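Trainee: This is the structure, below, for whatever I ask next.
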Amino acid sequence: MNHIFYHGTTYSPKNVPFPGWLFYASVNFVPQNSFWDHLSGLNQYITRVQSILQSSRADNELLVYWPIYDIWNNANGMDKALKVHDVDEWLHPTQFYKQSVQLQKRGYSFDFATDKILAGTTVDDGKLQTSKDATPYRAIYIPACHYFSEVTLQKIMEMAKQGATVIFQQLPQEVPGYNQLDERTALFNKLIASLGFEKDKANQYTAFGKGKIYLTTDVNSALETEQIAPERINQTGLKFSRRIAGNDTYYYLVNHSKQMVDRNITLNAKAAYYSLLDPQTGRTYQLPSADDKIRVQIPSSYSWIILASEQQAAEPFRYQDELSQVTQLDHDWKVSFISGGSVLPHARKIGRLSSWTEWGDKDAINFSGTAAYEKTFSMRKDQSKSYLLKLGRVAESAKVYINGKDAGILWSIPFQQDITPFLVNGENKIRIEVANLMANRIRQLDLQKFSWRNYHEINFVNINYKNFDASDWKPMESGLIGPVTLWSY
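If you're matching positions, the sequence shown starts at 0 in numbering that gives the first Met the number 0 and goes up one per residue.
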């Protein structure tokens with residue numbers, strides 16, 4: 000997905016009390032939202048990722064055909080709505096879905112093709128060209144289906160004659176619909192017969208003109224025979240999207256696993272140099288490579304962009320090796336509530352970090368906004384080391400200041416940041432401004448039966464499309480929960 004926009008964000012006049020004018024199906028990123036001061040952290044991340052995705056194009060090796068006629072022919076009546084609520088009916092049971100997931104897990108990347116897309120596809124040097132701007136595909140895969148257009152089948156066979164590689168999981172059985180049924184069926188049967196495949200034989204292929212047509216339930220073997228190799232990134236637990244721009248190749252890598260991925264990987268795209276573009280910080284680093292292997296070290300829930308190119312980044316990436324805890328900062332924080340409502344809780348010193356909803360303070364339980372956590376600590380700064388600040392659990396976002404300098408916004412797990420440039424030898428001051436969600440204040444309004452729903456054209460509903468009521472919510476965790484630790488590496 001290379002274009003994200005905020006759906007339904009409403010304009011709300013300043014004189015409208017909290018939470019202002021709302022739309023129920025909305026992100027509601029507005030000044031009334033306690034996340035507003037930290038929104039730039041999320042926006043900068045999205046901007047950096049999209050700047051790559053939008054200035055490059057997909058580099059996928061396969062086309063996968065979507066057998067739409069099976070879905071239409073299973074409809075109860077003439078209308079078949081493809082709704083997200085019904086994916087267990089029209090998507091998940093299909094071989095199209097199961098085979099696509101299996102290919103993705105193996106490390107293949109692909110685009111989906113329709114009859115119309117295939118009608119305009121050409122073949123050049125054995126590769127499929129769906130448009131002049133698209134990266135050529137090395138093969139087309141047709142998952143098992145019953146109904147198939149004889150026009151599309153004829154087009155696919157013509158592409159094979161011109162040099163394309165075609166892989167059928169199973170041969171289709173019938174043409175869809177009843178218009179000119181006899182004529183279309185005769186053409187369909189003639190085309191199928193011309194392939195010369197033996198009935199009930201599982202895995203076979205035939206040379207067809209300059210190309211090949213496979214009939215196999217083992218798509219992986221067919222792809223290996225054609226020397227179409229998957230990316231091995233998936234074996235590490237990472238997910239990826241590969242993009243190209245000119246002679247440069249970009250890999251957008253995401254770690255959705257629960258552990259850090261620290262592995263040597265081999266990319267299919269070869270280049271003189273590899274660079275890390277960190278979308279969270281905007282920093283660019285040089286990644287060392289040896290024997291076409293690159294070491295990645297991606298924390299859980301973090302993402303990298305790797306650039307394979309002929310240009311080398313200046314600053315080498317510092318891997319977090321020999322990680323050693325310098326100090327734990329869980330105790331003796333001064334906390335002051337700086338913005339939000341409905342009432343600013345009073346400032347205090349806390350002996351140990353915990354959710355501010357657990358402090359026995361009614362104002363804190365009902366508060367939505369920002370609190371500043373401050374303390375001073377001493378350390379001996381080793382100039383040969385880098386330093387990593389880990390905030391632990393944060394509910395829900397934070398902005399970090401070290402010795403009065405902005406060290407960055409942490410809006411997502413793993414809530415950690417390299418703060419090496421900001422630390423000094425000796426005494427250091429740390430300030431962490433933490434914002435929670437709007438939920439606890441909304442809960443308070445509904446408990447008080449306060450009329451806050453400002454809308455005219457739609458019911459304000461919950462996720463199950465029932466009347467929205469937050470009075471039965473439990474207070475959500477809020478603030479800096481920790482443990483907050485400083486590590487050297």
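Here a beta-carbon is modelled for each residue, glycine too, at the ideal position from N, C-alpha and C. Remember, predicted model here, so these are calculated numbers, not experimental data.
Tell me the rounded alpha-carbon separation between Ala540 and Tyr107.
Mentor: Past the edges of the chain, shown from 0 to 488, lies residue 540, and the structure says nothing about it.
Trainee: Taking 9 Å as the cut-off, decide whether the C-beta atoms of Thr215 and Ala206 are in contact.
Mentor: By one-based count along the sequence shown, residue 215 stands at place 216. By one-based count along the sequence shown, residue 206 stands at place 207. Taking 9 Å as the Cβ cut-off, Thr215 and Ala206 do not qualify as a contacting pair.
Trainee: Alpha carbon to alpha carbon, how far is Gln382 from Ser299? Give it in angstroms, no decimals.
Mentor: Counting from 1 along the sequence shown, the entry for residue 299 is found at position 300. Counting from 1 along the sequence shown, the entry for residue 382 is found at position 383. So the two alpha carbons sit approximately 28 Å from each other.
Trainee: Leaving out five residues before and five after Met259 in sequence, what residues of the same chain have Cβ atoms less than 8 Å from its Cβ?
Mentor: As a position in the sequence shown, residue 259 is number 260, starting the count at 1. The answer, listed in chain order, is Gln296, Ile297, Pro298, Ser299.
Trainee: Can you have a look at Asp69 and say buried or exposed, based on whether 16 or more other CB atoms are within 10 angstroms of its CB?
Mentor: As a working note, residue 69 is residue 70 in the sequence shown. By the neighbour-count rule (16 or more Cβ atoms within 10 Å), Asp69 is buried.
Trainee: For Val165 and Ile139, which I take to be in contact (beta-carbon distance under 8 Å), what is that distance rounded to the nearest angstrom?
Mentor: Here the question's residue 165 lines up with position 166 in the sequence shown. Here the question's residue 139 lines up with position 140 in the sequence shown. That belief holds up - the Cβ atoms of Val165 and Ile139 are roughly 6 Å apart, short of 8 Å.
Trainee: Check for me: the beta strand (DSSP E) holding Phe167 runs from which residue to which?
Mentor: Numbered from its first residue, the sequence shown carries residue 167 at position 168. Segment 164-167, the beta strand (DSSP E) holding Phe167.
Trainee: Check Arg137 in the structure and name its three-state DSSP category.
Mentor: In the sequence shown, residue 137 corresponds to position 138, counting from 1. DSSP places Arg137 in coil when its eight states are reduced to three.
Trainee: Trp71 and Phe111 - do their beta-carbons sit closer together than 9 Å?
Mentor: As a working mapping, residue 111 is identified with position 112 in the sequence shown. As a working mapping, residue 71 is identified with position 72 in the sequence shown. Taking 9 Å as the Cβ cut-off, Phe111 and Trp71 do not qualify as a contacting pair.
Trainee: Using 10 angstroms around the beta-carbon of Ser99, count the other beta-carbons present and answer buried if the total reaches 16, otherwise exposed.
Mentor: Taking the sequence shown and counting its residues from 1, one reaches residue 99 at position 100. Ser99 comes out buried.
Trainee: As a quick exercise: from Ser193, Met156, Arg294, Glu149, pick the residue whose alpha carbon is nearest that of Gln179.
Mentor: The residue you call residue 179 lines up with position 180 of the sequence shown. Of Ser193, Met156, Arg294, Glu149, the residue nearest in Cα terms is Glu149.
Trainee: What residues in its chain sit with their C-beta under 7 Å from that of Ser25, if we drop five residues either side in the sequence?
Mentor: In the sequence shown, residue 25 corresponds to position 26, counting from 1. Closer than 7 Å at Cβ, skipping near neighbours: His6, Gly7, Thr8, Thr9.
Trainee: Can you give the beta carbon distance from Leu328 to Lys380, rounded, assuming they're within the 8 Å contact cut?
Mentor: The residue labelled residue 328 in the question sits at position 329 within the sequence shown. The residue labelled residue 380 in the question sits at position 381 within the sequence shown. The pair is not a contact, with the Cβ atoms about 16 Å apart (cut-off 8 Å).
Trainee: Of all the options Gln172, Leu286, Gly176, Lys200, which has the alpha carbon lying nearest to the alpha carbon of Ile191?
Mentor: Here residue 191 refers to the residue found at position 192 when the sequence shown is read from its first residue. Cα-wise, what sits closest to Ile191 is Gln172.
Trainee: Using beta-carbon positions only, say whether Arg262 and Tyr251 come within less than 9 Å of one another.
Mentor: Counting from one through the sequence shown, the residue named residue 262 turns up at place 263. Counting from one through the sequence shown, the residue named residue 251 turns up at place 252. No, Cβ-Cβ distance for Arg262 and Tyr251 is not below 9 Å.
Trainee: Less than 9 Å between CB atoms is the rule here; does Ser396 satisfy it with respect to chain C?
Mentor: The structure shown contains no chain C, having only a single protein chain.
Trainee: Just verifying my parser: in three-state terms, what is the DSSP assignment at Gly40?
Mentor: Counting from one through the sequence shown, the residue named residue 40 turns up at place 41. Reduced to three states, the DSSP call for Gly40 is helix.
Trainee: How far does the alpha helix (DSSP H) with Ile67 in it extend, from its first residue to its last?
Mentor: Residue mapping note: residue 67 aligns to position 68 of the sequence shown, counting from 1. From DSSP, the alpha helix (DSSP H) with Ile67 extends over 67-72.
Trainee: Looking only at its own chain, which residues have a Cβ that is under 7 Å from the Cβ of Pro278, when we skip the five neighbours before and after it?
Mentor: Locating residue 278 in the sequence shown gives position 279, counting from the first residue. Tyr44, Arg47, Val48, Ser302, Ile304, listed in sequence order.
Trainee: Which residues mark the beginning and the end of the beta strand (DSSP E) in which Val86 is found?
Mentor: Numbered from 1 along the sequence shown, position 87 holds the residue referred to as residue 86. No beta strand (DSSP E) holds Val86; the alpha helix (DSSP H) holding it covers 86-89.
Trainee: Would DSSP call Leu170 helix, strand or coil?
Mentor: In the sequence shown, the residue the question calls residue 170 occupies position 171. In the structure shown, Leu170 sits in coil (DSSP, three-state: anything other than H, G, I, E or B).
Trainee: Quick one: any contact between the region 357-374 and the region 416-435, if contact means 3 or more CB pairs under 8 Å?
Mentor: Cβ pair count under 8 Å is three or more, so yes.
Trainee: Give a yes or no on contact between the region 81-95 and the region 124-133, applying the rule of three or more CB pairs nearer than 8 Å.
Mentor: No, because fewer than three Cβ pairs between the region 81-95 and the region 124-133 fall closer than 8 Å, the two stretches do not touch.
Trainee: If you reduce the DSSP assignment to three classes, tell me which class Tyr272 lands in.
Mentor: What you label residue 272 is simply residue 273 of the sequence shown in a count that begins at 1. Strand at Tyr272.
Trainee: Considering Cα atoms alone, identify which of Gly478, Tyr273, Phe414 is closest to Ala289.
Mentor: By one-based count along the sequence shown, residue 289 stands at place 290. Ala289 has its Cα closest to that of Tyr273, out of Gly478, Tyr273, Phe414.
Trainee: Check whether the region 315-330 touches the region 383-401, counting contact only when three or more Cβ pairs, one atom from each stretch, lie closer than 8 Å.
Mentor: Yes, they touch.
Trainee: Quick check on Phe4: buried or exposed, where buried means 16 or more other Cβ atoms within 10 Å of its Cβ?
Mentor: In the sequence shown, residue 4 corresponds to position 5, counting from 1. Label assigned to Phe4: exposed.
Trainee: Please return the same chain residues whose Cβ sits closer than 6 Å to the Cβ of Ala270, not counting the five positions on each side in sequence.
Mentor: Walking along the sequence shown from the start, residue 270 turns up at place 271. Around Ala270: Ala307, Ser308.
Trainee: Could you check which residue in Lys189, Asn188, Gln234 has the C-alpha nearest to that of Lys104?
Mentor: Along the sequence shown, one-based indexing puts residue 104 at 105. Taking only the C-alpha atoms, the option nearest Lys104 is Gln234.
Trainee: Which one or two residues does DSSP pair with Asp247 in a beta bridge?
Mentor: Here residue 247 refers to the residue found at position 248 of the sequence shown. Ala244, per the DSSP bridge assignment.
Trainee: Would you mind stating whether Tyr284 and Ala312 have Cβ atoms separated by less than 9 Å?
Mentor: The residue labelled residue 284 in the question sits at position 285 within the sequence shown. The residue labelled residue 312 in the question sits at position 313 within the sequence shown. In this structure, Ala312 lies closer than 9 Å to Tyr284 by Cβ.
Trainee: How about Leu479 and Met378: do their beta carbons lie closer than 9 Å?
Mentor: Counting from one through the sequence shown, the residue named residue 479 turns up at place 480. Counting from one through the sequence shown, the residue named residue 378 turns up at place 379. No. Outside cutoff.
Trainee: Under 9 Å between the Cβ atoms of Arg317 and Asp217?
Mentor: Position 318 of the sequence shown holds residue 317. Position 218 of the sequence shown holds residue 217. Contact flag unset, no.
Trainee: Kindly indicate which residue of Glu157, Val393, Pro420, Ile412 has the alpha-carbon position closest to the one of Asp405.
Mentor: For the purposes of this step, residue 405 is identified with residue 406 of the sequence shown, where counting begins at 1. Of Glu157, Val393, Pro420, Ile412, the residue nearest in Cα terms is Pro420.
Trainee: With 16 as the cutoff for other CB atoms within 10 Å, does Gly210 come out buried or exposed?
Mentor: Taking the sequence shown and counting its residues from 1, one reaches residue 210 at position 211. Buried.
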